[in-house]
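What follows is a short report on a single structure.
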Amino acid sequence: MALLTAAILGGILIAVLANHYTRAEDRYLTASARLVVAEPPPLTTLRDLTLWARAAALTTQTRVQVYGADGALVVDSGSPDALDAGSLLGRGEGRGHGRHDRRGLPNPLGGGLFGGGHGSRSGRALTMDMGNGAYVRLSEGPASGRDALMAAVVAWVLAAALAVGLAALAGWLMARRISRPVVALTEASDRMAAGDLGARAPVAGGDEVGRLAESFNGMAARVEATVTSLRRFVADAAHEIGTPLTALQADLELAERKVGGDDERRLVDRALTQTDRLAVLSDNLLQLSRLEADEPAAERYVADLASVAREVADAVASRAEQAGVEFVVDVAAGPLTVALAPARLQTVLANLLDNAVKFTPEGGTVTLGVCGEAGRAVASVSDTGVGIPAEEQGAVFERFHRARNASAYPGSGLGLPIVQAVVERAGGTVSLASSPAGSTFRVTLPLARPATG
Amino acid sequence: MPTMTDRAQTILVVEDDPAVGEALVEGIGTEGYRVHWETTGEGGVAFARDRSPHLVVLDVRLPDGNGFDVCRRMRQLGLRQPILMLTVQSDQLDKVLGLEMGADDYLTKPYHLRELIARIRSLLRRAYGEFSSTEADILYAGDLTIDRTRATVTRGGKSLNLTPTEFRLLVFLAQHPGQVFSRGQLIENVWGSDADFYDDKTVSVHVRRLREKVEHDPSDPAVILTVPGLGYRLAT
Chain F
26 MALLTAAILG GILIAVLANH YTRAEDRYLT ASARLVVAEP PPLTTLRDLT LWARAAALTT
86 QTRVQVYGAD GALVVDSGSP DALDAGSLLG RGEGRGHGRH DRRGLPNPLG GGLFGGGHGS
146 RSGRALTMDM GNGAYVRLSE GPASGRDALM AAVVAWVLAA ALAVGLAALA GWLMARRISR
206 PVVALTEASD RMAAGDLGAR APVAGGDEVG RLAESFNGMA ARVEATVTSL RRFVADAAHE
266 IGTPLTALQA DLELAERKVG GDDERRLVDR ALTQTDRLAV LSDNLLQLSR LEADEPAAER
326 YVADLASVAR EVADAVASRA EQAGVEFVVD VAAGPLTVAL APARLQTVLA NLLDNAVKFT
386 PEGGTVTLGV CGEAGRAVAS VSDTGVGIPA EEQGAVFERF HRARNASAYP GSGLGLPIVQ
446 AVVERAGGTV SLASSPAGST FRVTLPLARP ATG
Chain P
28 MPTMTDRAQT ILVVEDDPAV GEALVEGIGT EGYRVHWETT GEGGVAFARD RSPHLVVLDV
88 RLPDGNGFDV CRRMRQLGLR QPILMLTVQS DQLDKVLGLE MGADDYLTKP YHLRELIARI
148 RSLLRRAYGE FSSTEADILY AGDLTIDRTR ATVTRGGKSL NLTPTEFRLL VFLAQHPGQV
208 FSRGQLIENV WGSDADFYDD KTVSVHVRRL REKVEHDPSD PAVILTVPGL GYRLAT
């Protein structure tokens, strides 16, 4: 915009100057013509007339031509550049002398402005009546400011081009200076949103963007400290509960052996059931907090879904049989390598199968299916159990959420959240389809390269 | 089952928590083992070096360092006895680290006393090769003791009441720990001459009833295990 304005202003200025110089040249020619006319030529020989014209041309620094009344050219002084005092002394047609020299000289800037130098010549011409029918024509006067003007135009164009270039460079540098920290800040905030709590923006300079980055970093540090201490607290708490719980369990087991009556035994068994429940709860809390403390991409392990599924199936089979539930295992040969620690993959399948067996009444069926499907490993666990009410299907992955029709069954309310946390951290998905006739949980995981070492 | 004889095996327990330590000493002691309890890694290493126990139960968190280091030092001293690590976390890392440092098995806190005892027995059986013969009079299955001559099954000194078929089934499985048997094989070996009258369902029904008597938690069997599509095996 500024450039456009400058261009327009420059154009106007040049036009004004050009007009001014044209008029100056015209005035010069007019004044010179008056001078020439005021001193009429001696009407003698053509030679005298020629000398007069040359003298006039030298004096006025114009080309002086005299035309007869009939309009025919009578005398021509020739270009004033070709004239010198010698030519007035009758050395005749020596105009060729020095022409090349003079033409070869560089035209000094503004030389014509002072009329003394042999600068470039004006393109203007003026004709003036000499009063006796003949008339004189003056042309090729000094170009007055035209050289300066041309030089100014050239200089202006160069300056404008340079200015445009400089402005573009400055703009690019500015944009880079401003946008780089903004881009870095955006990246840091994206990484933070993706769970990398250690993400920080580089602080460049004390400008607004630098201050924004500083305040972002301050906020990020607080969030990280809070989340870390919360997670550590949960992990420590779960950890610390483990030791007294072990002692309590062991003592209850010892008591169970010693008590005599059935009533007492029932009380001890009930207490043991509750310590088991506490143990599962604290273990699940520990698992969850550890999952969350992990860097998202920190999973360095791989496991074969097919072989882990067979292991877990072995572990669940006894329970299913004892519950009177038919357990169908349909696991592809594999290997189906996924980027998960085997223990975590076990947890995923065990939690899903535990739920399936738990919520399936005697005589029902639980099916574990594992296969590869379009570049992904898929595990599905189906049951013919009580199903999950439609309005609660979205909430089953929430912590401590237990479906209304699940209250009669034991559980920590953390099994499915753990499944989801593990699966999603490995870039997979877990979905649920449920009706009163049963539920199917489907886990898909991206296939990974098998371990090489 | 304090029928252990003069050759009672010594078990070293390294555990700093007094409540857990006391319970372990009492619980393992009632199984007929001699138990020695140390509260520090230093004490544990010294006892292991001087007295050479048959097995070491080692807590991973100790006041003077962690159990992994203690485990490694015991191995460096040339001790070849089984070491059972008690880890506090159900973490892959602890398991891997423990096994790398020379532990033979691990158990995650909080664990059941009966599970600990079953592991101890299993490790001792593996290390000292006892009771592997099918002709042995005394058989072990988890924390159960089976006396073939007296036809009794006991746990922690308490007798379990099994029918003759259940007893034969348990004995057959206990004679081949870890080996998988199809229902047909079990009918042949347990029911014998009457085999023609029975089918797979019979086996399932008997296994289910047997579990209700021998399992601590029949809904989560740990002694007699189902192998999907194949049959049954005894936990090792």
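Residue numbers (my numbering), protein chains in the order written: chain F, 26 to 478; chain P, 28 to 263.
Glycine is no exception: its CB is placed at the ideal position from the N, C-alpha and C atoms.
In angstroms, rounded to a whole number, what distance separates the CA positions of residue i and residue j?
i	j	result
residue 408(F)	residue 392(F)	6 Å
residue 216(P)	residue 303(F)	42 Å
residue 332(F)	residue 201(F)	53 Å
residue 47(F)	residue 199(F)	45 Å
residue 36(P)	residue 60(P)	5 Å
residue 84(P)	residue 452(F)	39 Å
residue 243(F)	residue 220(F)	17 Å
residue 156(F)	residue 53(F)	20 Å
residue 51(F)	residue 33(F)	27 Å
residue 204(P)	residue 149(P)	10 Å
residue 232(F)	residue 29(F)	30 Å
residue 136(F)	residue 35(F)	Any reading at residue 136(F) is ruled out, since the residue's pLDDT is 41, under 50, leaving its predicted position unreliable.
residue 312(F)	residue 72(P)	32 Å
residue 174(P)	residue 164(P)	6 Å
residue 439(F)	residue 377(F)	11 Å
residue 134(P)	residue 450(F)	27 Å
residue 382(F)	residue 342(F)	10 Å
residue 82(P)	residue 455(F)	44 Å
residue 193(F)	residue 257(F)	53 Å
residue 41(F)	residue 186(F)	22 Å
Out of the options, which one is the CA nearest neighbour of residue i?
i	options	result
residue 53(P)	205(F), 200(F), 282(F) and 168(F)	282(F)
residue 210(F)	223(F), 201(F), 192(F) and 238(F)	238(F)
residue 195(P)	205(P), 186(P) and 180(P)	180(P)
residue 384(F)	399(F), 363(F) and 344(F)	344(F)
residue 463(F)	386(F), 416(F) and 440(F)	386(F)
residue 402(F)	359(F), 289(F) and 157(F)	359(F)
residue 240(F)	226(F), 286(F), 253(F) and 251(F)	226(F)
residue 55(F)	165(F), 206(F), 159(F) and 100(F)	165(F)
residue 364(F)	334(F), 421(F) and 448(F)	448(F)
residue 70(P)	100(P), 173(P), 182(P) and 55(P)	100(P)
residue 87(P)	78(P), 98(P) and 208(P)	98(P)
residue 190(P)	76(P), 238(P), 94(P) and 55(P)	238(P)
residue 105(F)	347(F), 91(F) and 78(F)	78(F)
residue 457(F)	442(F), 247(F) and 418(F)	418(F)
residue 216(F)	188(F), 245(F) and 62(F)	245(F)
residue 368(F)	316(F), 348(F), 349(F) and 415(F)	316(F)
Would you kindly check if the distance between the Cβ of residue j and the Cβ of residue i is under 9 Å?
i	j	result
residue 139(P)	residue 243(P)	yes
residue 249(P)	residue 127(P)	no
residue 404(F)	residue 366(F)	no
residue 388(F)	residue 459(F)	no
residue 22(F)	residue 76(F)	No answer is possible for residue 22(F): the residues shown for chain F start at 26 and end at 478.
residue 263(F)	residue 310(F)	yes
residue 230(P)	residue 214(P)	yes
residue 46(P)	residue 272(F)	yes
residue 235(P)	residue 416(F)	no
Under 6 Å Cβ to Cβ from residue i, same chain only, skipping five residues before and after it: list those, please.
i	result
residue 436(F)	none
residue 120(F)	Since pLDDT at residue 120(F) reaches only 45, below the 50 mark, its modelled position is unreliable, and no value is offered.
residue 308(F)	none
residue 64(P)	40, 48 and 52
residue 58(P)	144
residue 370(F)	328 and 333
residue 13(F)	This structure cannot speak to residue 13(F), because chain F is shown only from 26 to 478.
Under the assumption that residue i contacts residue j (Cβ atoms under 8 Å), give the Cβ distance between them as a whole number of angstroms.
i	j	result
residue 379(F)	residue 254(P)	19 Å between Cβ atoms; not a contact.
residue 300(F)	residue 270(F)	6 Å
residue 395(F)	residue 356(F)	4 Å
residue 187(P)	residue 240(P)	5 Å
residue 170(P)	residue 182(P)	6 Å
residue 80(P)	residue 103(P)	That pair is no contact at about 17 Å.
residue 74(F)	residue 61(F)	Not quite, the Cβ-Cβ distance comes to about 13 Å (not below 8 Å), so this is no contact.
With a threshold of 8 Å on Cβ separation, who are the neighbours of residue i within its own chain once the five nearest residues in sequence on each side are excluded?
i	result
residue 252(P)	259, 260, 261 and 262
residue 92(P)	68
residue 353(F)	390, 391, 392 and 393
residue 472(F)	361, 362, 363, 397, 400, 401 and 402
Tell me which same chain residues have a C-beta within less than 7 Å of the C-beta of residue i, skipping the five on either side of it?
i	result
residue 249(F)	222 and 223
residue 374(F)	333, 334, 337 and 404
residue 58(F)	151, 153, 161 and 163
residue 90(P)	43 and 67
residue 131(F)	Note that residue 131(F) scores a pLDDT of 44, beneath 50, so its modelled location is shaky; the value from the coordinates is reported in the next line. Cβ within range, chain order: n/a, list empty.
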